[in-house]
Amino acid sequence: MRTLLLLSIVLLLQSCLRLDSNMYNNQKITAYHWDDYQGHVDFNLDTVPSCNFSFALVHELTLLSKDTVDDKEYKISAVYIGDYATIQQDTVILYCHGNRDHMDFYWPRAKLLANVGGKNRFGVMMIDYRGFGLSEGDPTEEGLYQDVTTALEWLKAKGVSSSHLVIYGFSLGSAPATKLLAQPRSTLMPSKLILENPFSSAELMVQDAAQLALPGSFFTNVKVNVAEAIKTVQQPFMLLQSGDDKFLKPASHGEVVYKNYQGSYSEKHVVPNADHSTLQTTWGLFNYIKAVEVFLVK
Amino acid sequence: MRIFYCFAFLVLLLASCAPSRYVVPLKKKEQSLSINLGGPLINFHNLVIPVPFTSINYAYGWKKNTTVFGAVHPTALAYGVGQMELGLVRRVHYFEGSKIGISVSPVLNLMLDRWEWNLRVYPQVDVNVYWNFLGDLARHCDCPGDKKTTAYVYLGLTNWFELNKTRANNQAQPNNWLLAPQVGINMGTASWKYSLEVKYMGLFTNNNDVVVSYFNPISTTGAIGAYFTVYKIFAAK
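Below is the structure:
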């Protein structure tokens with residue numbers, strides 16, 4: 051037994067494996083297909099032709115995102131839906147997508163946002179974090195923050211002002227959206243925050259699944275903690291919450307984030323019977339875009 | 032959405048990825064070294080296989096009806112978490128006529144990570160009912176006429192206890208008592224024994240939308256684990 055214990059201590063000190071890479075459900079692809087994407091999506095807008103817009107307003111972009119840890123530069127893919135000629139006057143929604151595949155998967159959601167308040171009334175920007183879609187590298191927590199910061203810098207260079215910028219985070223996207231308001235890395239600061247089905251923290255997710263109060267450090271170096279970060283956010287905040295989210299229980303995730311917000315204005319929309327990925331379809335697409343519009347113009 | 036899910040589900044499995052160590056106590060002063068391999072069943076290239084979690088165990092027959100044991104988990108160690116078990120198994124009753132016994136096994140699970148040196152202690156109590164259908168496990172002698180091979184089947188419950196009342200983000204800990212039922216068979220000679228156990232873990236945890244494809248033909252919650260253990264028994268000197 052003593053030998054076993056000594057061997058265990060040596061192994062413990064030598065070990066270096068982590069489960070971090072298991073956290074991300076990214077998928078690499080060779081091209082984006084947007085409306086022609088044939089893979090699985092949560093919903094599509096085929097039956098809502100009024101949501102279509104001219105592809106002349108869809109700009110595929112490649113940005114350079116510097117890694118603050120290894121100092122490397124990664125090419126990350128992005129899309130801007132809107133008119134470059136009016137970008138300085140337009141209000142822009144920076145959409146931080148969730149933890150699935152790539153931008154094609156989230157394209158219907160971005161299209162819906164491009165229809166808020168009328169066709170292309172607001173510009174919409176979406177990026178693939180590193181390791182997702184055509185973006186180089188592998189996903190990391192720091193990469194999420196840095197890639198979204200790169201998008202902010204691109205918008206700043208295009209002349210977008212803080213007062214005309216709103217950041218929207220869905221699920222995993224709630225991490226960079228909230229963190230970059232709490233601890234800004236760019237002088238361009240979004241003036242409003244929208245979170246759709248956010249999670250409290252990586253540690254709480256682990257504990258939800260394990261049913262035990264295990265420390266996050268047992269499994270990961272990731273320190274994402276939206277529920278803490280939101281405490282220092284002052285910008286107006288809208289929470290869109292699926293009432294029957296089976297993946298992130300509202301009581302321990304969205305509700306906690308909402309409760310911890312101490313800023314100037316908040317509103318919450320709970321959609322009964324909606325699951326994690328079905329908020330828009332359960333609520334009704336037009337109810338959804340109307341609620342977002344009302345918040346944006348408030 | 033599957034954010035973090037496979038990762039989070041692995042946590043559950045790491046936390047309860049072991050079978051009942053000993054269901055029937057060793058004879059007094061006997062020793063045993065065993066290696067256990069197994070975990071939740073997954074679909075892998077058209078095959079159903081258990082995730083190969085491992086543990087190494089040592090046991091000593093302390094008293095006639097009580098064996099003490101310890102175990103370490105090499106898989107958890109590889110991920111920087113020292114997970115160790117210290118426990119005992121005690122036969123609380125044996126019905127001579129029917130050869131049915133009841134044993135209770137309190138265990139202390141200690142976990143310490145090398146990244147932030149966080150420590151957790153989880154008490155565990157396994158309760159098993161076994162039926163000795165071949166040979167005679169209860170007789171502590173090598174009596175003439177004893178069959179060389181013994182075997183028993185068992186049915187039991189693993190009970191884990193969470194001592195913390197709160198968890199991350201100041202949330203209340205919802206469950207402080209977690210259950211995992213198991214069924215198993217153990218057979219072998221006086222020197223070598225083999226056991227196979229099937230355990231139902233995470234009874235109330237959704238197993239859909241998980242990157243790892245768990246094999247569970249009966250429910251959308253939880254995972255079925257299969258464990259194989261080889262025991263080398265060292266006779267009392």
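In order, the protein sequences belong to chains Z and G. With our numbering applied, the first sequence has no gaps in its numbers, which climb one by one up to 348 at the end. With our numbering applied, the second sequence has no gaps in its numbers, which climb one by one up to 268 at the end. Glycine is no exception: its CB is placed at the ideal position from the N, C-alpha and C atoms.
* Chain-ordered chain Z contacts of G/Trp223 [CB-CB under 7 Å] -> Chain Z residues near G/Trp223: none, gap ~20 Å exceeds 7 Å.
* **Straight-line gap, Z/Pro158 to Z/Val320 (C-alpha atoms, nearest Å)** => 21 Å
* To do: Ignore the nearest five residues each way along the sequence and tell me which others in Z/Phe172's own chain have a CB closer than 6 Å to its CB.
  => Thr141, Ile143 and Val166
* Asked: In the DSSP assignment, what residue or residues form a beta bridge with Z/Phe287?
  -> Z/Leu243 and Z/Ser316
* Is the CB-CB distance between Z/Ala277 and Z/Ser251 below 8 Å? -> yes
* To do: Could you tell me whether any Cβ in chain Z is nearer than 8 Å to the Cβ of G/Glu61?
  => no
* Asked: Given that G/Gln204 touches chain Z, what residues does it touch there, using C-beta distances under 7 Å?
  -> Ala263
* Sort G/Leu139, G/Val160 and G/Thr189 by Cα distance to G/Arg151 and report the nearest one. => G/Leu139
* At what residues does the beta strand (DSSP E) containing G/Tyr183 begin and finish? -> Thr181 to Phe192
* To do: Go to G/Pro212, then tell me how far its alpha helix (DSSP H) extends in each direction, as first and last residue.
  => Run containing G/Pro212: none in the alpha helix (DSSP H); it sits in the beta strand (DSSP E), Trp208 to Gly219.
* Roughly how many angstroms lie between the CA atoms of G/Gly118 and Z/Ala301, to the nearest whole one? -> 37 Å
* Expressed to the nearest angstrom, what Euclidean distance is found between the alpha-carbon atoms of G/Phe164 and Z/Tyr74? -> 49 Å
* Which chain G residues are close to Z/Asn271, counting only those with a beta carbon under 9 Å from its beta carbon? -> Trp146
* **Own chain partners of G/Gly219 with C-beta closer than 6 Å, once the 5 adjacent residues on each side are dropped** => Tyr225
* Under the three-state DSSP convention, the category Z/Ile79 falls into -> coil
* In this structure, does DSSP put G/Ser250 in helix, strand or coil? -> coil
* Checking contacts by CB at 8 Å: is G/Leu78 closer than that to chain Z? -> no
* In chain G, which residues lie less than 7 Å from Z/Ala277 when you measure between Cβ atoms? -> Asn200
* Asked: Can you list, in chain order, the residues of its chain whose CB lies under 7 Å from that of Z/Val91, leaving out five sequence neighbours each side?
  -> Phe155 and Pro158
* Per-residue burial, G/Trp191 [other beta carbons within 10 Å of its own, 16 or more giving buried] -> buried
* To do: Could you tell me whether the Cβ of G/Asn247 comes closer than 8 Å to any Cβ of chain Z?
  => no
* To do: Consider the Cβ of Z/Ser251: report whether some Cβ of chain G lies at a distance smaller than 8 Å.
  => yes
* In chain order, what residues of the segment 295-316 of chain Z put their CB closer than 7 Å to some CB of chain G? -> Lys296, Phe297, Ser302 and Val306
* Can you list, in chain order, the residues of its chain whose CB lies under 7 Å from that of Z/Thr282, leaving out five sequence neighbours each side? -> Ala232
* Beta-carbon contacts of Z/Asp133 that lie in its chain and below 8 Å, excluding the five residues immediately before and after -> Leu107, Asp140, Asn170 and Gly173
* Asked: Can G/Leu188 and G/Leu209 be called in contact, C-beta distance under 8 Å?
  -> no
* Asked: Z/Val243 CB to nearest chain G CB: under 8 Å?
  -> Here residue 243 of chain Z turns out to be Leu, not Val, going by the sequence shown. No, Z/Leu243 lies away from the interface with chain G (no Cβ there is under 8 Å from its Cβ).
* Asked: What is the C-beta distance between G/Asn247 and Z/Pro265, in whole angstroms, given that I count them as a contact (C-beta under 8 Å)?
  -> No, G/Asn247 and Z/Pro265 are not in contact; Cβ-Cβ is about 28 Å, not under 8 Å.
* Helix, strand or coil: which one does DSSP assign to Z/Ala324? -> coil
* Check whether the Cβ atoms of Z/Met288 and Z/Ile244 sit closer than 8 Å, and answer yes or no. => yes
* **Buried or exposed (CB count within 10 angstroms, at least 16 for buried), Z/Lys229** => buried
* Is G/Tyr235 buried or exposed, if buried means 16 or more other CB atoms sit within 10 Å of its CB? -> Note that residue 235 of chain G corresponds to Phe in the displayed sequence, not to Tyr. Result: exposed.
* Alpha carbon to alpha carbon, how far is G/Gly166 from G/Lys179? Give it in angstroms, no decimals. => 7 Å
* For G/Gln62 and Z/Ser221, the rounded distance between their alpha carbons -> 52 Å
* Z/Ser327 versus Z/Leu290 - alpha carbon distance -> 12 Å
* Take the Cβ of G/Ile249 as the centre, count every other Cβ of all protein chains shown within 10 Å, and call the residue buried at 16 or more, exposed below. => exposed
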